[in-house]
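Line by line, the protein sequences are chains A and B. With the working numbering as the guide, the letters of the first sequence map in order to residues 235 to 326. With the working numbering as the guide, the letters of the second sequence map in order to residues 295 to 519. Here the structure comes first, spelled out in structure tokens, and everything after it is commentary.
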Amino acid sequence: MDASESRLDGNAVGGVLAEIFATEMTASMGTCAGCGATEPVGALHAYVRAPGVVVRCPHCSSVMIRIVRDEKDRVWLDIRGVSCLEIRRAED
Amino acid sequence: MRTIVFDAPGWPGHRAGQHLDVRLTAEDGYQAERSYSIASAPEDDRLGLTVERLDDGEVSPYLVDEVVVGDTLEIRGPIGGYFVWVPADGGPLLLVAGGSGIVPLAAIVRHRVAAGSSVPTRLLYSSRTLEDVIYRNELERVNGAAENGVEVVLALTRETPDGWTGYAKRIGRDVLTAEAWPAAERPLAYVCGPTSFVEAVAGELVGLGYDPARVKTERFGPTGG
Numbered sequence: 235m236d237a238s239e240s241r242l243d244g245n246a247v248g249g250v251l252a253e254i255f256a257t258e259m260t261a262s263m264g265t266c267a268g269c270g271a272t273e274p275v276g277a278l279h280a281y282v283r284a285p286g287v288v289v290r291c292p293h294c295s296s297v298m299i300r301i302v303r304d305e306k307d308r309v310w311l312d313i314r315g316v317s318c319l320e321i322r323r324a325e326d
Numbered sequence: 295m296r297t298i299v300f301d302a303p304g305w306p307g308h309r310a311g312q313h314l315d316v317r318l319t320a321e322d323g324y325q326a327e328r329s330y331s332i333a334s335a336p337e338d339d340r341l342g343l344t345v346e347r348l349d350d351g352e353v354s355p356y357l358v359d360e361v362v363v364g365d366t367l368e369i370r371g372p373i374g375g376y377f378v379w380v381p382a383d384g385g386p387l388l389l390v391a392g393g394s395g396i397v398p399l400a401a402i403v404r405h406r407v408a409a410g411s412s413v414p415t416r417l418l419y420s421s422r423t424l425e426d427v428i429y430r431n432e433l434e435r436v437n438g439a440a441e442n443g444v445e446v447v448l449a450l451t452r453e454t455p456d457g458w459t460g461y462a463k464r465i466g467r468d469v470l471t472a473e474a475w476p477a478a479e480r481p482l483a484y485v486c487g488p489t490s491f492v493e494a495v496a497g498e499l500v501g502l503g504y505d506p507a508r509v510k511t512e513r514f515g516p517t518g519g
């Protein structure tokens, strides 16, 4: 399969991110540690057809987020590629 | 392709364009989870999913072939706050769908109609054949109703029926130039479909002067299952 055809939007990982952060994350703004571009998480590029999830910057392709879940209850989150994440607080 | 409609007790409500995850658990504990766009409008009494059956999928064959009335599904959602539209977001609204990418855009059209919004709305929908057009009757009805202010433009890429006067080609630059709102109107665009379709259309819209921040995309990769 052409790698580009497996590319999805950050929307596709909204479920697992909501599980980790306990809030909706796709409208949150993420800044790429590689090139400094800031985009809504939903507009980042997501690759989910792998043992884990990889989220890349749509501008410079740097890896921003990696997530691996096991079959039970553990999840590993690597966000080294995000220099800043603006998270919307839940509305009261 | 099948549309499933179900009650979801405790469902907090959703916005048009959001999706949800369906989780299936086998007797041995093995779990498979997939995301599906919500097809129903927030105003509808029940939740609706339209699922495309993928032969090698783990979840879609069950949802398309096996689920019967009375079954229970484990769902999580609503998910997503980016690829959503509420009337306050305004427009003019350009919706561009490729194949099953119509599902979340149909939810936006349904919401737009149910909420009585007057935002000018145009849906461009690319399908292989007329038979492959999902929600065809409904879209024809919406398109024909002058009070709705929703226009539907179909493009058939593989086969056209006799007497077809619509587009018989892909939605490329020429179709977008003719049918998409002029960039000067500062349109709000939602593009959903296979990855290659979404990237081609979004690229053309930006080329036509659309603000990239107002072109929202949802790629449906071959990952559904």
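For glycine and all other residues, C-beta sits at the position ideal for the given N, C-alpha and C.
Contact check, residue i vs residue j, beta carbons under 7 Å
{"i": "B:GLU369", "j": "B:LEU417", "result": "Before going on, a small fix: residue 369 of chain B reads as Ile here, not Glu. No, the Cβ-Cβ distance between B:ILE369 and B:LEU417 is not below 7 Å."}
{"i": "A:HIS293", "j": "A:ARG241", "result": "no"}
{"i": "B:VAL397", "j": "B:ALA333", "result": "yes"}
{"i": "B:ARG422", "j": "B:ARG452", "result": "yes"}
{"i": "B:LEU343", "j": "B:ILE298", "result": "yes"}
{"i": "B:ALA391", "j": "B:GLY487", "result": "yes"}
{"i": "A:VAL275", "j": "A:THR260", "result": "yes"}
{"i": "B:ALA478", "j": "B:TYR504", "result": "no"}
{"i": "B:LEU448", "j": "B:TYR419", "result": "yes"}
{"i": "B:PRO414", "j": "B:GLY385", "result": "yes"}
{"i": "B:GLY375", "j": "A:GLU258", "result": "yes"}
{"i": "A:VAL302", "j": "A:GLY286", "result": "yes"}
{"i": "B:THR498", "j": "B:ARG467", "result": "Checking the sequence, you will find Glu at residue 498 of chain B rather than Thr. Closer than 7 Å, so yes."}
{"i": "B:PRO436", "j": "B:VAL444", "result": "Looking at the sequence provided, one finds Val at residue 436 of chain B rather than Pro. For B:VAL436 and B:VAL444, yes; Cβs fall inside 7 Å."}
Contact set for residue i: own chain, Cβ-Cβ below 6 Å, skip 5 residues either direction
{"i": "B:VAL378", "result": "ARG309, GLY311, GLN312"}
{"i": "B:ARG508", "result": "LEU482"}
{"i": "B:ALA462", "result": "LEU450, THR454"}
{"i": "A:GLY315", "result": "ALA267, SER296, VAL297, MET298"}
{"i": "B:VAL492", "result": "VAL485, THR511, ARG513"}
{"i": "B:VAL407", "result": "ASN442"}
{"i": "B:ARG480", "result": "none"}
Beta-ladder partner(s) of residue i, from DSSP
{"i": "B:ARG370", "result": "B:ASP315"}
{"i": "A:ARG290", "result": "A:HIS279, A:VAL297"}
{"i": "B:VAL492", "result": "DSSP output for B:VAL492 lists no bridge partner at all."}
{"i": "B:LEU448", "result": "B:TYR419"}
{"i": "A:THR265", "result": "A:THR272, A:CYS318"}
{"i": "B:TYR484", "result": "B:LEU389, B:LYS510"}
Classification of residue i by the beta-carbon crowding that lies within 10 angstroms, buried from 16 upward
{"i": "A:ALA252", "result": "buried"}
{"i": "B:GLU425", "result": "exposed"}
{"i": "A:SER238", "result": "exposed"}
{"i": "B:VAL362", "result": "exposed"}
{"i": "B:TRP475", "result": "buried"}
{"i": "B:THR471", "result": "exposed"}
{"i": "A:LYS306", "result": "exposed"}
{"i": "B:GLY393", "result": "buried"}
{"i": "A:CYS269", "result": "exposed"}
{"i": "A:ALA277", "result": "buried"}
{"i": "A:GLU320", "result": "exposed"}
{"i": "A:GLU273", "result": "buried"}
{"i": "B:GLY410", "result": "exposed"}
{"i": "B:VAL446", "result": "buried"}
{"i": "B:THR366", "result": "exposed"}
{"i": "A:CYS318", "result": "exposed"}
{"i": "B:GLY304", "result": "exposed"}
Three-state class that DSSP yields for residue i in the structure shown
{"i": "B:THR459", "result": "coil"}
{"i": "A:VAL316", "result": "strand"}
{"i": "B:GLY364", "result": "coil"}
{"i": "B:PRO355", "result": "helix"}
{"i": "B:ASP468", "result": "helix"}
{"i": "B:ARG508", "result": "helix"}
{"i": "B:GLY342", "result": "strand"}
{"i": "B:HIS308", "result": "coil"}
{"i": "B:PHE300", "result": "strand"}
{"i": "A:LEU311", "result": "strand"}
{"i": "B:GLU327", "result": "strand"}
{"i": "B:ASP527", "result": "For residue 527 of chain B there is no data in the structure shown, the boundaries of chain B being 295 and 519."}
{"i": "A:LEU251", "result": "helix"}
Proximal residues to residue i (C-beta, below 7 Å), its chain only, five neighbours per side dropped
{"i": "A:VAL282", "result": "LEU242, ALA246, VAL247"}
{"i": "B:ASP301", "result": "ARG340"}
{"i": "B:ALA400", "result": "ALA333, TYR429"}
{"i": "B:PRO336", "result": "GLY307, HIS308, ARG309, ALA310, HIS405"}
Closer than 6 Å: residue i CB and nearest the ligand FMN heavy atom
{"i": "B:GLY371", "result": "For the ligand FMN, the structure offers nothing, since it holds no ligand at all."}
Own chain, CB closer than 8 Å to residue i, minus 5 neighbours either side, in chain order
{"i": "B:ILE373", "result": "GLN312, HIS313, LEU314, ASP315, SER329"}
{"i": "B:VAL495", "result": "VAL390, GLY392, ILE465, LEU470, VAL485, GLY487"}
{"i": "A:VAL250", "result": "VAL287, ILE301, ARG303, VAL309"}
Chain-ordered chain C contacts of residue i [CB-CB under 7 Å]
{"i": "B:ILE373", "result": "The structure shown contains no chain C; its protein chains are A and B."}
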